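**Q**
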Amino acid sequence: MRRLGPLVRQGVLEIIRAKVPTVFLAFLVILAWGSLFLGSLTFESKAAVAVDLGITGTGFFAGILSILVTAEMLGRLVRPAVYPLLAEGTSRSALLLGRWAAAALCIALFSALAPAALLAAFRFLGLRSFNQSDLISAIVLLPQEAVLLSAVATFLLVLLPRAPAVAASFAYWAMAHLHYHPFRYGRIVKGTIGWVIYFAGYLFPDSEMYNPRLHSSFSLHLLFAPFLQTLIYVIVFLFLAHSRYARRDL
């Protein structure tokens with residue numbers, strides 16, 4: 027069995043060759059100056075609006091980056107491109123975990139760098155009166171949500187064809203961030219169906235844990251509760267993905 031290290035290193039190099047860092051830097055420049063420009067057009071504090079727009083933008087960036095990078099890395103597992111690796115003796119388990127680890131590493135890094143770079147940019151541009159704790163919380167929380175979303179997308183990519191899997195990943199991401207979560211309707215619908223819908227909501231991660239605006243300062247809850255949820259669901263979705271990929275015809 028080929029070791030995971032070379033597979034992870036190869037995956038990271040593929041992501042770099044795909045120009046992801048270049049797109050990341052261009053996005054940050056547009057986001058930082060765009061947030062300041064839109065903030066200056068409002069009647070509220072420029073700093074408050076800029077930070078709010080920055081957090082929203084980095085959240086969108088982390089989610090989109092997570093799904094697209096995962097689709098690029100894991101979508102190839104069901105293509106003829108993996109045949110030479112399998113012929114060399116690389117197991118399906120190592121192939122799946124190695125490519126996912128490479129994707130998750132880059133996703134977590136870029137998702138953390140985005141709010142960190144915005145924090146530095148806002149300070150450099152003289153915005154001293156904004157609430158820095160929101161961006162600091164985003165540095166901790168956004169990478170965890172992005173890695174979890176990557177695990178969900180990995181399971182969908184080995185379960186479905188690539189296009190439906192990517193669409194389902196975006197649908198899950200959008201559903202998880204709806205203001206009125208679909209599973210909350212279980213409290214409205216009466217009878218057995220309502221209870222089924224209500225309890226089904228507990229099978230999915232609580233996306234509100236990753237909302238930086240809900241954490242005004244660092245705490246043990248901020249550090250450990252989202253981390254434990256992320257760890258548990260990542261293990262579950264990777265186990266499901268591995269189980270499906272081990273039986274799938276290539």
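Taking our numbering, the leading residue of the sequence shown gets 27, the next gets one more, and so forth.
Beta carbons are placed, not taken as given, at the ideal position from N, Cα and C, and that holds for glycine.
Source: prediction; values computed, not measured.
#1: With DSSP run on the structure shown, which of helix, strand or coil describes histidine 268?
#2: Tell me which residue opens and which closes the alpha helix (DSSP H) that serine 195 is part of.
#3: Taking C-beta to C-beta, are alanine 194 and leucine 186 nearer than 8 Å?
#4: Sort Ala172, Ser269, Ala272, Ala191 by Cα distance to proline 231 and report the nearest one.
#5: Is DSSP giving proline 231 helix, strand or coil here?
#6: Using the C-alpha atoms, what's the distance from alanine 129 back to valine 34?
#7: Please classify serine 119 as buried or exposed, where buried requires at least 16 other C-beta atoms within 10 Å of its C-beta.
#8: Comparing alpha-carbon positions, which option in Leu229, Ile261, Leu264, Phe136 lies nearest valine 38?
#9: For phenylalanine 148 and aspartate 78, what's the separation of their Cα atoms in angstroms?
#10: Note down the Cα distance separating alanine 142 from isoleucine 90, rounded to an integer number of angstroms.
#11: For a test of the three-state rule: what should DSSP assign to serine 176, helix, strand or coil?
#12: Within a Cβ cutoff of 8 Å, which residues of the same chain sit near alanine 251, ignoring the five residues on either side of it in sequence?
#13: One question on the structure: do isoleucine 81 and leucine 161 come within less than 8 Å of each other, judged by their Cβ atoms?
#14: Using the three-state DSSP reduction, which class does serine 117 fall into: helix, strand or coil?
#15: Determine the contact status of phenylalanine 181 and phenylalanine 263, defining contact as a CB-CB distance below 8 Å.
#16: Return the residue from the list Ala177, Gly85, Ser117 that minimises the CA-CA distance to arginine 273.
#17: Sorted by chain position, which residues of the same chain lie with C-beta nearer than 7 Å to valine 260's C-beta, five sequence neighbours on each side aside?
#18: When the Cα atoms are used, what is the spatial distance from histidine 203 to serine 269?
#19: Between valine 184 and alanine 267, how many whole angstroms is the CB-CB distance? I'm expecting something under 8 Å.
**A** With the structure as the only source:
#1: Correct three-state label for histidine 268: helix.
#2: Boundaries of the alpha helix (DSSP H) around serine 195: 188 to 202.
#3: A distance below 8 Å separates the beta carbons of alanine 194 and leucine 186.
#4: Ala172
#5: The answer is coil: DSSP assigns proline 231 none of H, G, I, E or B.
#6: Valine 34 and alanine 129: Cα-Cα distance of roughly 8 Å.
#7: exposed
#8: Phe136
#9: Cα to Cα, phenylalanine 148 sits roughly 12 Å from aspartate 78.
#10: Spanning the two alpha carbons is a distance of roughly 18 Å.
#11: helix
#12: Met235
#13: yes
#14: Three-state result, serine 117: coil.
#15: yes
#16: Ser117
#17: Val173, Leu174, Ala177
#18: 28 Å
#19: Beta-carbon to beta-carbon, valine 184 and alanine 267 are separated by about 5 Å, close enough to satisfy the 8 Å threshold.
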